[in-house]
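Residue numbers (this note's numbering): 130 to 332.
Quick reminder that beta carbons are idealized off the backbone N, C-alpha and C, glycines included.
Only a predicted model underlies this, so the values are computations on that prediction, with no experimental measurement involved.
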């Protein structure tokens, strides 16, 4: 009788052990699928968030971002809006030649105007980055880089080459938000050299 009881106890423990192993394996499989889904959606931004906050908390942050953006009234721009914004961007690039500071400021404001037109709230910078990362995870780092250089410019700590880099970063995000590839102007570095040469000849 005692042996029979022990047999069933051991059998029950074995079944319970197998069930626990299967449950853990299933949970890990679900976590892997969830992580892969988030990696595909957020691109490089996934690694940035996981590195900053750790795997478990980072996944929760990314999922919260996706839920928030899902509730935003996002929309595509009309052809007329795209054309108007593209013209405004060309003016900002021309402005950059005569005044890099003003050109970068205009690019910054223009990106925010496009974001608002698309339905993004445009709040604090980090929230803007979080919102954009849901659909633009591959290029949101350009926005971070542009913002850092824009802030340096406002503090008078950015040189002309850094301002040119800021404009390029803004342009990358601007094109993605617009959904069209802008007409490529002559390289800004070459145009700056030409502009400086004209100034030197005029002296």
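Own chain, CB closer than 8 Å to residue i, minus 5 neighbours either side, in chain order
i	result
residue 210	246
residue 204	247, 248
Residue from the options whose Cα sits closest to the Cα of residue i
i	options	result
residue 301	288, 239, 253	239
residue 199	304, 249, 178, 272	249
residue 236	272, 204, 267, 258	272
residue 241	266, 275, 212	275
residue 217	194, 234, 201, 167	234
residue 169	286, 264, 202	264
residue 257	187, 194, 179, 180	194
residue 278	174, 290, 267	290
residue 243	212, 259, 267, 171	212
residue 269	219, 215, 196, 304	304
residue 334	214, 181, 185	A query on residue 334 cannot be resolved here, the shown segment of the chain reaching from 130 to 332 and no further.
Under the three-state DSSP convention, the category residue i falls into
i	result
residue 267	coil
residue 171	helix
residue 178	helix
residue 309	coil
residue 200	coil
residue 166	helix
residue 289	helix
residue 258	helix
residue 192	helix
residue 301	helix
residue 205	coil
residue 251	coil
residue 284	coil
residue 183	coil
residue 235	helix
Beta-carbon contacts of residue i that lie in its chain and below 7 Å, excluding the five residues immediately before and after
i	result
residue 202	248
residue 299	236, 237, 240, 275
residue 178	187, 190, 191
Cβ neighbours of residue i in the same chain (closer than 6 Å, five flanking residues each side left out)
i	result
residue 266	171, 172, 174
Do the segment 293-301 and the segment 227-234 make contact, defined as three or more Cβ pairs closer than 8 Å?
yes
Please confirm if the segment 250-261 is in contact with the segment 204-218, defined as three or more CB-CB distances below 8 Å between the two stretches.
No, the segment 250-261 is not in contact with the segment 204-218.
Hey, is the segment 211-225 in contact with the segment 158-178, meaning 3+ C-beta pairs nearer than 8 Å?
no
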